[in-house]
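The structure appears below as C-alpha cells.
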Amino acid sequence: MDRWLNRVAVVTGASSGIGAASCKDLVAKGLVVVGLARREERLKELKDSLPADQASRFHPRRCDVSKEQEVIDTFAWIDATLGGADVLVNNAGIVRAGVGITKEGNSEDLRAIIDTNVLGVSWCTREAFKSLQRRQVNDGHVLIVNSVAGHSVPNIPGFTMGMYAPSKHAITALTEVLRQEFHNSKTQTKITSISPGAVDTEIIDKEAIAALPDLPLLRSEDVADAISYCIQTPPNVQIHELIIKPVGETI
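Here my numbering = 1-based position in the sequence shown + 445.
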C-alpha cells in the first residue's frame, strides 16, 4: 500500500456498512479519504470514532450521488481542496424491498434504484476520471461494489429482486465499457467490479433473510478487505471482476 500513502480515495455510500468499513480500512492504511453519503450526521459520527491521526485524514461530505449536480460540485471541491481523487470506491446503492417490476405505482422506486445504482456510479466515475486525466495521473483505480445478483438472479420463493438485480447487471456491463474507455484513453487507470454475496448491512433485504433464515452472511469488513486487496495489485495486474461469497452460501 506504500504507493497510496497520503493519496486521496473517495468512498460513496460511506455512512454505514461496506462504505464505512472501507473508509476505516483505507484511512488506517494511510490514505486521505473522502466519505460521501446523504446522512451527514453518520459521517461525522464515523470521523469522531477514528483515532486522531486518522480522523485528520478523513473528510466527510454530504453528497447524494443520484443528483448529478451534487456529484459535479463534490468532485470540484475535492480537486480544489485535496488536489483530486486517485481512488474511487463506488459503493452507494439502494434496494426497494418488495417492489416488483409489475407492481402498480412503483415508478418512483424503480427510478430511484436506477438513479443511484447505475447513474450515480456513472457520474462519479466520469468526474473522477476527468480529474485523473486533467492532472495527468496515470495510475488511478476505480472500484465498483457490484453484487452476485449482477451475474445471476437468485430465485427466492415468494420474493422479488425487483429493479435491484437489473441495476447490478447494468453495472457488470458498465465495468467492461469503462475498461474499454480507459484503454482507449491510453491510461493505466484500473477498473474493478467486486461482487459480494449476501452481506450483513443495513441495505440487506429483511424479507429475503426471513425467507432464508440459515443464509450465511459476509461482514462489511470482508468486502473492505477485498477492496484493499484489489488496489494493491502490481501495475501490470488488473482484477476485472472479483466474486466473493460466504462459505456455505447456496443461492
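We put the beta carbon where it would ideally sit given N, CA and C, even for glycine.
DSSP, read as helix, strand or coil, puts glycine 480 in strand. In the three-state scheme derived from DSSP, where H, G and I count as helix and E and B as strand, arginine 506 is classed as strand.
Close CB contacts of threonine 678 within its chain, under the 7 Å cut and outside five residues either way in sequence, are with Ile684 (chain order).
One Cα belongs to leucine 577, the other to leucine 564, and the distance between them is close to 20 Å. Nearest C-alpha to proline 641 among Val477, Ala671, Ser494: Ala671. Taking C-beta separations shorter than 6 Å and ignoring five residues to either side along the sequence, the partners of aspartate 509 in its chain run Arg483, Glu515, following chain order. Excluding the 5 residues flanking it on each side, glycine 480 has same chain C-beta neighbours closer than 6 Å at Val456, Ala459, Cys468, Leu488, Pro505, in chain order.
For a cut-off of 8 Å, the C-beta gap from valine 587 to threonine 519 is around 16 Å, too long to register as a contact. Around glutamate 485, the same chain offers Pro505, Arg507 as residues with beta carbons nearer than 7 Å, after the five sequence neighbours per side are excluded.
Here histidine 586 carries a strand assignment [DSSP, helix/strand/coil].
Taking the Cα positions, alanine 466 is about 26 Å away from threonine 695. Note: alanine 454 is bridge-paired with Val478, Val532 in the DSSP secondary-structure output.
The beta carbon of alanine 573 is closer than 8 Å to those of Val455, Phe520, Ala530, Leu533, Gly585, Val587 in its chain, skipping five residues each way along the sequence. Going by DSSP, serine 640 is part of the beta strand (DSSP E) stretching over 635-641.
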